[in-house]
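In the working numbering, the protein residues as written are 2 to 278.
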């Protein structure tokens, strides 16, 4: 009999009380439970809601006091969990998991086709937290480079056959299930897995590319689904500071992994810096 695959979860939140509660409930109600859960709050105005979760068996609550970003929160969760084997799921505070997902993932991850995977995500479908139900349509089946140099979640309905694991360029960070051995293989030192310089933009692409450069594959499992509410604002409503950070991170990403894309990234950064006032 195969040894049970261990899955630990890191949920990072910053003023996400409305969505993180149902997210955590969907983690807690898995028919095949997580082995440990770290909830990391990055400087929220209200953290009283964490008190009830801190009494749950296997749940660890961390209040950082300052906004360390998604990367800083994930790194703190990684340090708290201190896993030596199995998998760690880095999960957005606006994702709902079907109750049987972990059970199905554990069966999938012992199959030979999963041996080369450093990270995996099911298909992500849209979710409406106001209505409390799926919104219909795709949210992400992987992140792909565009012909003009940028990166976008694939939402165009290009789905593989049911139960296929499709190898993709990068995964959406909303659901990033990573093999512990692979994470240790690409660790940055000082207890860091995620590159803190990225804070909250393009960090999922960077980790995907780092895993791939080290020989691991990243894939989307079309036989599984989770629901993503997309808690951030639409791009046209993002602050100028956020757009600048995103453009700078893309430039850093391409300088490290895809230097032939630098001209586009430089033009984008210049446009945001000079024209987006």
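A virtual CB, placed ideally from N, CA and C, is assigned to each residue, including glycine.
Remember, it's a predicted structure, so these values are computed and weren't measured experimentally.
Exercise. Tell me whether residue 76 is buried or exposed, calling it buried when 16 or more other Cβ atoms sit within 10 Å of its Cβ.
Key: Here residue 76 refers to the residue found at position 75 of the chain shown. Buried: at least 16 other Cβ atoms inside 10 Å.
Quiz item: Taking C-alpha atoms, which residue in 33, 68, 129 and 175 lies nearest to residue 101?
Solution: Here residue 101 refers to the residue found at position 100 when the chain shown is read from its first residue. Comparing Cα positions, the closest option is 33.
Quiz item: Closer than 9 angstroms, CB to CB, is residue 270 near chain D or not?
Solution: Here there is only one protein chain, and chain D is not present.
Exercise. Rounded to whole angstroms, what's the CA-CA distance from residue 198 to residue 53? Just pull it up for me.
Key: For this step, residue 198 is matched to residue 197 along the chain shown. For this step, residue 53 is matched to residue 52 along the chain shown. Each residue's alpha carbon lies about 33 angstroms from the other.
Quiz item: Is the beta carbon of residue 130 less than 9 angstroms from the beta carbon of residue 164?
Solution: Position 129 of the chain shown, counted from the start, is the residue given in the question as residue 130. Position 163 of the chain shown, counted from the start, is the residue given in the question as residue 164. No, they are not a contact pair.
Quiz item: Quick one: any contact between the stretch 198-213 and the stretch 65-73, if contact means 3 or more CB pairs under 8 angstroms?
Solution: yes
Quiz item: What is the rounded straight-line gap between the Cα of residue 267 and the Cα of residue 42?
Solution: Your numbering for residue 267 matches position 266 in the chain shown. Your numbering for residue 42 matches position 41 in the chain shown. Going by the C-alpha atoms only, they are around 34 angstroms apart.
Self-check item: Identity of the residues DSSP links to residue 125 by a beta bridge
Solution: On the chain shown, residue 125 is found 124 positions in, with the first residue counted as 1. In the DSSP output, where bridge partners are listed per residue, residue 125 has 141 and 227.
Quiz item: With a Cβ-Cβ cutoff of 9 angstroms, do residue 128 and residue 230 count as a contact?
Solution: One-based indexing of the chain shown puts residue 128 at position 127. One-based indexing of the chain shown puts residue 230 at position 229. Yes, they are a contact pair.
Exercise. Using a threshold of 9 angstroms, state whether the C-beta atoms of residue 88 and residue 181 are closer than that.
Key: Residue numbering aside, residue 88 sits at position 87 when the chain shown is read from its first letter. Residue numbering aside, residue 181 sits at position 180 when the chain shown is read from its first letter. Yes, the Cβ-Cβ distance between residue 88 and residue 181 is below 9 angstroms.
Practice problem: Consult DSSP for residue 6 and reduce its assignment to one of helix, strand or coil. | Solution: Here residue 6 refers to the residue found at position 5 of the chain shown. Residue state, collapsed to three classes: coil.
Practice problem: Please say whether residue 28 and residue 123 have beta carbons closer to each other than 9 angstroms? | Solution: Taking the chain shown and counting its residues from 1, one reaches residue 123 at position 122. Taking the chain shown and counting its residues from 1, one reaches residue 28 at position 27. No. Outside cutoff.
Quiz item: For the candidate residues 97, 111, 108 and 132, whose alpha-carbon lies nearest to that of residue 140?
Solution: The residue labelled residue 140 in the question sits at position 139 within the chain shown. Selected option, being the one with the closest Cα: 97.
Practice problem: State the CB to CB distance for the pair residue 171 and residue 206, rounded to an integer number of angstroms; the pair is presumed to be in contact (CB under 8 angstroms). | Solution: Your numbering for residue 171 matches position 170 in the chain shown. Your numbering for residue 206 matches position 205 in the chain shown. At roughly 4 angstroms, the Cβ-Cβ gap stays under 8 angstroms, so residue 171 and residue 206 are in contact.
Practice problem: Taking residue 178 and residue 120 to be in contact with their CB atoms under 8 angstroms, please state how far apart those CB atoms are, rounded to whole angstroms. | Solution: As a working note, residue 178 is residue 177 in the chain shown. As a working note, residue 120 is residue 119 in the chain shown. Contact holds; Cβ gap of about 6 angstroms.
Exercise. Can you grab the Cα-Cα spacing for the pair residue 214 / residue 105, in whole Å?
Key: In the chain shown, counting from the first residue as 1, residue 214 sits at position 213. In the chain shown, counting from the first residue as 1, residue 105 sits at position 104. Cα to Cα, residue 214 sits roughly 28 angstroms from residue 105.
Quiz item: Just reading off the alpha helix (DSSP H) that residue 194 is part of, what are its end residues?
Solution: Counted from its first residue, the chain shown places residue 194 at position 193. No alpha helix (DSSP H) contains residue 194, which DSSP labels as neither H nor E.
Practice problem: State the beta-bridge partners of residue 152 as determined by DSSP. | Solution: On the chain shown, position 151 is the one that residue 152 refers to. Its beta-bridge partners are 146.
Practice problem: Could you round the C-beta distance between residue 217 and residue 118 to whole angstroms and report it? I think they count as a contact, below 8 angstroms. | Solution: Position 216 of the chain shown, counted from the start, is the residue given in the question as residue 217. Position 117 of the chain shown, counted from the start, is the residue given in the question as residue 118. Residue 217 to residue 118, Cβ: 7 angstroms. Contact.
Self-check item: Separation of residue 262 from residue 49, as counted between CA atoms
Solution: For the purposes of this step, residue 49 is taken as the residue at position 48 of the chain shown. For the purposes of this step, residue 262 is taken as the residue at position 261 of the chain shown. Cα to Cα, the separation comes out at about 45 angstroms.
Quiz prompt | residue 36 versus 256, 14 and 103, residue with shortest Cα-Cα distance | solution = The sequence position of residue 36 within the chain shown is 35, counting from 1. Closest by alpha carbon: 103.
Practice problem: Counting only the same chain and skipping the five closest in sequence on each side, list residues whose C-beta sits under 6 angstroms from that of residue 39. | Solution: As a first step, residue 39 must be located in the chain shown, where it is residue number 38. The residues are 11, 61, 78, 81 and 82.
Quiz item: Less than 8 angstroms between the CB of residue 230 and some heavy atom of the ligand PLP, yes or no?
Solution: The ligand PLP is not part of the structure shown, which contains no ligands of any sort.
Quiz item: For residue 88, does the three-state DSSP call read helix, strand or coil?
Solution: Counted from its first residue, the chain shown places residue 88 at position 87. Note: residue 88 maps to strand in three-state DSSP.
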